[in-house]
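Structure first, commentary second.
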Amino acid sequence: MKVKHEPMRRCIGCMESKPKKECLRICRTPEGTLKLDPTGKLNGRGAYICRSMACFEKAAKGHKLNREFEMQVPESVYAELRTELERIMSASGGGNIE
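Quick look at the structure:
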């Protein structure tokens, strides 16, 4: 029997490859705004982070979203994403908030 392929994604915080379903997607929409995309289906360019605040903080500290999306990302956007990530993690029962 053939083994089903599981897509892997690299976290921009810790740079580890993990199964796609264990990661959260950050999407740059065609309008140029950044949003967390828990469904993974929003239209636009995406980057992935682990479901942990530690990985998000590493990505924010290193301004890795600037590099991934080839644009200047203001600190206010990082703050909005941080708030949204905390909301998603608390709604899912805590997840891996570290």
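In my numbering, the protein residues as written are 10 to 107.
Note that beta-carbon positions come from the ideal geometry of N, C-alpha and C, so glycine has one too.
Computed from a predicted model, the values in this text were never measured in an experiment.
- Membership of M17 in the beta strand (DSSP E) is indicated by the continuous run M17 to R19.
- Shown here, C23 sits in coil according to DSSP, grouped into three states, outside any helix or strand.
- Counting the other Cβ atoms within 10 Å of the Cβ of V82 gives 16 or more, which makes it buried.
- Distance from the Cα of I21 is smallest, within the candidate group E89, L74, R96 and G53, for L74.
- For E25, same chain residues with a beta-carbon under 8 Å away, outside a window of 5 residues either side, are R19 and C59 in chain order.
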